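If you're matching positions, the sequence shown starts at 110 in the working numbering and goes up one per residue. A short worksheet on the structure shown next.
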Amino acid sequence: MATTPPPEHLREEVESVLIGEKEIAARVRELAADIERDFIEQDLLVVALLTGTVPFLADLIRNITLPLRLDFMGVSSYGNNTAPGELVFTKELKLEARNRDVLLVDDILDTGKTLRAVIDKLDALQPRSLRTCVMLEKKSRRSEKITADYVGFDVPDTFVVGYGLDYAEKYRNLPFIGELKPEVYS
Ligand code: 5GP
Ligand code: MG
């Protein structure tokens, strides 16, 4: 993955830009086109996980011209800031998922524990179909047998921030995906 230096004001904290704004925008349009093709004539309910999906979700849905409904689920892992701990649901769906064609959107698929828990919860609501879309995945750390139907980018096994992803709730507003300097989180 070719990297570039971060903007001047972030050089103390961010090691490099892994995926730049233009590259993200182009890939999001491709994902939206794939989703449009697969969900045509379906009753699309987009379920996004808070909070890391927000910028990605906003860009993605504006590139989808199909009618859709949008809802959120909250899920947090209580652990330290870079290693996932126990999962707790902090917000439940408001809309009906039964008999809908659900597209579950998350920021990053890492071990797969988050998506496993959310998929099990959604399955119990009896959607007509359930597909998953993640902005990023780290293939090397998967411990659950899970693959996403739509994946934006593969990233190496390093801690990434930006475009929704945080470290201790910071960096979500960066317009690019960058590698955090290890000294920030160690
Ligand atoms: P999983 O349950 O698949 O192990 O992890 C998914 C969650 O862990 C993501 O939704 C995200 O909150 C967090 N996560 C995993 N890797 C990273 C990373 O590199 N950076 C950030 N900011 N969060 C990550
Ligand atoms: Mg998350």
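Don't be surprised by glycine CBs; every beta carbon is placed ideally from N, CA and C. This one's a predicted model, so the numbers in the text were calculated from it and none came from an experiment.
Scanning Leu169, Arg146, Val197 and Ile228 for the CA closest to the CA of glutamate 253 turns up Ile228. In terms of Cα proximity to leucine 245, the closest of Leu202, Tyr259 and Pro236 is Tyr259. Lysine 247 has its CB nearer than 7 Å to a heavy atom of the ligand 5GP. Contact between the region 278–288 and the region 220–238 is absent, with fewer than three C-beta pairs closer than 8 Å. Beyond the five residues adjoining it in sequence on each side, leucine 289 comes within less than 6 Å, by CB distance, of Phe268, Val270 and Tyr276 in the same chain, given in chain order. As computed with DSSP, threonine 256 is found in no beta bridge at all. Taking a C-beta distance under 8 Å as the contact criterion, leucine 224 and leucine 218 qualify as a contact pair. Residue side-chain check: tyrosine 294 keeps its Cβ at 7 Å or more from all non-hydrogen atoms of the ligand 5GP. Around the beta carbon of glutamate 124, 16 or more other beta carbons sit within 10 angstroms, so the residue counts as buried. Out of Glu132, Val155, Arg250 and Leu202, the CA that lies nearest to the CA of aspartate 210 is found in Val155. Here alanine 142 is exposed, its C-beta having fewer than 16 other C-beta atoms within 10 Å. Closest in alpha carbon position to leucine 204, among Arg178, Glu150, Leu239 and Asp263, is Arg178. For the alpha helix (DSSP H) assignment, the uninterrupted runs of no fewer than 4 residues enclosed by the region 120–170 are, from N- to C-terminal side, 130–148.
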